[in-house]
Amino acid sequence: MKRFQTVGRVFAFCAFAAFANPVFSAPITYIYEGTGTGILGAQAFNNAAFTITAQADTANITPWVNAGGGPQNTHLSTTIAITGLGLFDVTTPSHTWLAQNCCGGLGANLSSNWITLGELAFVGIGYGLDTALGPILDNSPSDVSQFVGVDTSGGILDFDSINAVTFTASTDSVPEPGTLSVVGAGILGLFLFRTRRRL
18 MKRFQTVGRV FAFCAFAAFA NPVFSAPITY IYEGTGTGIL GAQAFNNAAF TITAQADTAN
78 ITPWVNAGGG PQNTHLSTTI AITGLGLFDV TTPSHTWLAQ NCCGGLGANL SSNWITLGEL
138 AFVGIGYGLD TALGPILDNS PSDVSQFVGV DTSGGILDFD SINAVTFTAS TDSVPEPGTL
198 SVVGAGILGL FLFRTRRRL
């Protein structure tokens with residue numbers, strides 16, 4: 018009896034975890050690296066290296082009218098690491114977008130642009146934001162003046178200037194919790210099979 022009670026608990030856990038942690042359609046990470054000057058909360062930084070890492074799911078890619086119908090992907094989470102200050106969550110909703118043969122980049126979700134890139138290797142190849150790409154360097158990103166008033170876990174982020182920015186999209190990932198739940202369910206099935214054979 019105790020054995021079947023244990024099996025019941027394991028099955029219930031796997032079922033709950035699978036529903037609570039759905040597997041991504043295809044995880045993708047957009048990375049923006051550069052140097053910039055500005056202020057975060059009460060801490061100023063000058064020509065400091067920064068890395069913005071945005072986690073997203075290709076299932077969320079949709080056309081965006083402001084990008085001429087080009088793709089945009091609302092981020093699931095975004096962080097910024099600034100040399101000398103640390104790593105912070107960006108809590109203002111954000112997205113990566115692209116207008117073919119024009120420009121693309123990082124911005125407030127379906128709103129103002131923070132970093133706009135115009136390199137042909139990014140915007141001139143029919144890229145759909147759904148595969149690995151880069152690194153691609155843009156020596157003169159635009160729209161930086163709009164990268165202000167951004168909420169982060171370290172306070173309000175305002176950039177005064179940003180130098181060259183490198184964009185990379187990566188599809189490398191570790192198994193999602195939902196994937197682990199599926200594996201757990203498989204192990205449970207094997208356990209049940211062996212238990213039945215012993216009875």
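Here the sequence shown is numbered in the working numbering, starting from 18 and rising by one per residue.
Ideal placement from N, C-alpha and C gives every residue a C-beta, glycine not left out.
Note that this is a predicted model, so its numbers are computed, not measured.
Query: Near the ligand PLP: residue 160 beta-carbon under 7 angstroms from a heavy atom; Result: What this structure holds is no ligand at all, so the ligand PLP is not there to describe.
Query: Residue span of the alpha helix (DSSP H) that contains residue 140, given as start and end; Result: 137 to 140
Query: Buried versus exposed, by CB contacts within 10 Å (16 or more), residue 150; Result: buried
Query: Helix, strand or coil at residue 63 according to DSSP, with G and I counted as helix; Result: strand
Query: Segment contact, 8 angstroms Cβ cut-off, at least three pairs: the region 151 to 168 with the region 129 to 141; Result: yes
Query: Bridge partner(s) assigned by DSSP for residue 114; Result: 89, 122
Query: Paired residues, beta bridge with residue 47 - DSSP; Result: 71, 186
Query: Buried or exposed by the 16-neighbour rule on C-beta atoms within 10 Å, applied to residue 95; Result: buried
Query: Given residue 44 as reference, the closest of 91, 118, 167 once Cα atoms are compared; Result: 91
Query: Inter-residue CB distance, residue 168 and residue 109 (contact presumed, cutoff 8 angstroms); Result: 5 angstroms
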